[in-house]
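Quick notes on the structure that follows.
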Amino acid sequence: MSRFASGVVVLSVGEPHVHAMTANAFGSVSLDPPLVQCCVAHTAVMHDSLTRSRSFGVSILGAGQEPLARYFADKSRPLGLPQFDGISWTPGPLTGAPLLPGALAWLECKLVESYVAGDHSLFLGEVLASATGDGEGALLFYAGRFERTQAS
Ligand SMILES: Cc1cc2nc3c(=O)[nH]c(=O)nc-3n(C[C@H](O)[C@H](O)[C@H](O)COP(=O)(O)OP(=O)(O)OC[C@H]3O[C@@H](n4cnc5c(N)ncnc54)[C@H](O)[C@@H]3O)c2cc1C
């Protein structure tokens, strides 16, 4: 699967279970209703946060946001709100999930279903709101490395 090039997102959950993590197991599922999916390891703090919160935010990272992708995948980051110290974010108006400025697009989702899938769970989210940013180049993950598209 490392030969499958993907985009990179930061999944986030608002108070009281505030947390964020980098993911690339993310994708579109349905247009009507609008559904997306993400897969999260059972061992991840995010698994419990997302299950309890029943809602989540998605920031689709742009070409210049590799440092954020690395940070939210770094197990040495603090838990809870302190993990956002020094990072700019705004609460999603519907879910309170932290959304990252400069992203290519943002989604706010309501958790509608989850399925145990091996050592991960597949979370199905209904998109409540979406918006796009100004960036053009995308951050990619391919063959274990971050890459970027050319901004047109
Ligand atoms: C490009 C890329 C794509 C990825 N895609 C995915 C994906 O699709 N799905 C996926 O599941 N992972 C994915 N990962 C991995 C994921 O981003 C990292 O494993 C990330 O660290 C997981 O966050 P977490 O919620 O598990 O928090 P963790 O990193 O496990 O923990 C966050 C903080 O909490 C602390 N902590 C943990 N447990 C406790 C505890 N019980 N008490 C006190 N402190 C604790 C940790 O020490 C750390 O400081 C991806 C990584 C990269 C780089």
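Residue numbering for the sequence shown follows the working numbering, beginning at 858 and increasing consecutively.
C-beta atoms are modelled at their ideal positions from N, C-alpha and C, and glycine is treated no differently.
Asked                                                                                                                                                                                     : Found
For V867 and W963, what's the separation of their Cα atoms in angstroms?                                                                                                                  : 10 Å
List the DSSP bridge partners of Y999.                                                                                                                                                    : R1002
Let me check understanding here. Comparing Cα to Cα, which of S971, P958 and E983 lies closest to G992?                                                                                   : P958
Go through its chain and collect everything with a Cβ distance to V886's Cβ below 8 Å, but skip five positions before and after it.                                                       : L892, V893, Q894 and L981
Identify, in the order they occur along the chain, each residue of the same chain with its Cβ nearer than 7 Å to the Cβ of Y972, setting aside the five sequence neighbours on each side. : S978 and L979
Classify S910: buried if its beta carbon has 16 or more other beta carbons within 10 angstroms, exposed otherwise.                                                                        : buried
Note down the Cα distance separating F998 from P873, rounded to an integer number of angstroms.                                                                                           : 31 Å
What does the alpha-carbon distance come out to for the pair V875 and Y928?                                                                                                               : 16 Å
Can G949 and A986 be called in contact, C-beta distance under 9 Å?                                                                                                                        : yes
Below 8 Å on the Cβ atoms is my contact criterion, and I expect C966 with S912 to pass it. Report the Cβ-Cβ distance as a whole number of Å.                                              : 6 Å
Nearest-angstrom Cα distance between A862 and E1004?                                                                                                                                      : 9 Å
Which residue wins for smallest C-alpha separation from V897, given the options S869, G994, L961 and L996?                                                                                : S869
Taking DSSP as the reference, what is the three-state secondary structure of Q894?                                                                                                        : strand
Report buried or exposed for P935, applying the criterion of at least 16 other Cβ atoms within 10 angstroms of its Cβ.                                                                    : exposed
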